[in-house]
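Everything below concerns the one structure shown next.
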Amino acid sequence: MAGALTTSGLRRSFRGFTAIADVSLDIPAGARHALIGPNGAGKTTLINLLTGALRPDDGEVMMDGNRITHLPQHARVKRGLTRTFQVNTLFASLTVLESVALAVCERLGQGADCWRPVSAREDVLDEAYELLGSLGLDGDGGAVTRQLPYGKQRLVEIALALAARPSVLLLDEPAAGIPSGESQQLIATIERLPAETTILLIEHDMSLVFRFAQRITVLAAGSVVTEGTPDAVAADARVRELYLGGEGHA
């Protein structure tokens, strides 16, 4: 059975510097998978290759057994692959409900019509309210996005990604910059996302990674060091040396 998201022999260099070297992943449908590694490991480059923001020099990216290596970003979103970013990209001046409703309209191919009075878009509003409720944001629909606490802004960003109804969701450091108490709430919300949605989490907070992930891939210097269960990764001496026991993690 083909994995929800797989790569084989993925490579990418920049002016002679190898950022990603022969990376192969196989993430099954419904997985809760984490990607970790120290600063400069190549995590962001790998995510950009998965999403189509960058083209590989060699290797393949597949979704459900179908080659997507050369598809542009928007086409991958249509296939069901969406992401969040380390720096959120919200519609800051819109309300939370307006932001999510606009994302729903974009998925439906009705972005140009989404500025009609909200009362005329009952179907879109119903879906937006349902999304907000699933993330614990049902009481924040009328709030202006930029006025929310940062932790809730990250949840809104996840709501925008989920509005595309992804089969694969890439979460790029969702807890970055969030106080510890809020990050625990954030990861608890992520844990409640639909079981059928495959999630790849990139995160520097190891307590969150080991709480969330069923399997972990460790990247260093552009290559996979190891992959396994959280217990196996935590026990690996190479991981402790490269990442868990060091400083300046990312």
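In terms of the working numbering, the numbers along the sequence shown are unbroken and rise by one, the last being 253.
Glycine included, each C-beta is placed from N, C-alpha and C at the ideal position.
Beta-carbon proximity check, P152 vs E185, cutoff 8 Å: yes
C-alpha distance - D29 paired with T229, whole-angstrom precision: Take the alpha-carbon of D29 and the one of T229: they are about 13 Å apart.
Buried versus exposed, by CB contacts within 10 Å (16 or more), P75: exposed
For L13 and A24, the rounded distance between their alpha carbons: 6 Å
Residue range of the unbroken alpha helix (DSSP H) whose run includes H73: Taken as a continuous stretch (DSSP letters only), H73 belongs to no alpha helix (DSSP H), as it is neither H nor E.
Three-state secondary structure assigned by DSSP to R18: coil
Selection from G83, T10, D126 that minimises the alpha carbon distance to R58: T10
Alpha carbon of T220 to alpha carbon of V236, nearest angstrom: 8 Å
Segment limits, alpha helix (DSSP H) that includes E125: 125-137 is the extent of the alpha helix (DSSP H) around E125.
Which listed residue (L138, A146, G83) has its alpha carbon closest to that of L100: A146
Reduced DSSP secondary structure (H/G/I, E/B, other) of E109: In this structure, E109 counts as helix in the three-state DSSP scheme.
Strand pairing of D29, partner residues [DSSP]: T9
T54 CB to nearest heavy atom of the ligand SAH below 7 Å: For the ligand SAH, the structure offers nothing, since it holds no ligand at all.
Neighbourhood of T232 by C-beta, 8 Å cutoff - its chain only, sequence neighbours within 5 removed: Q217, R218, I219
For S226, three-class secondary structure by DSSP: strand
Own chain residues within Cβ distance below 7 Å of D208, not counting five before or after: A178, S186
Inter-residue spacing [alpha-carbon to alpha-carbon] between M65 and V107: 26 Å
Buried or exposed (CB count within 10 angstroms, at least 16 for buried), D126: exposed
Segment limits, beta strand (DSSP E) that includes G149: Per the sequence presented here, residue 149 reads as Arg, with Gly not at that position. It is not in any beta strand (DSSP E) - R149 carries neither H nor E in the DSSP assignment.
N-terminal and C-terminal residue of the beta strand (DSSP E) that A37 is part of: Taken as a continuous stretch (DSSP letters only), the beta strand (DSSP E) holding A37 covers 35-39.
Exposed unless 16 or more other CB atoms sit within 10 angstroms - verdict on F215: buried
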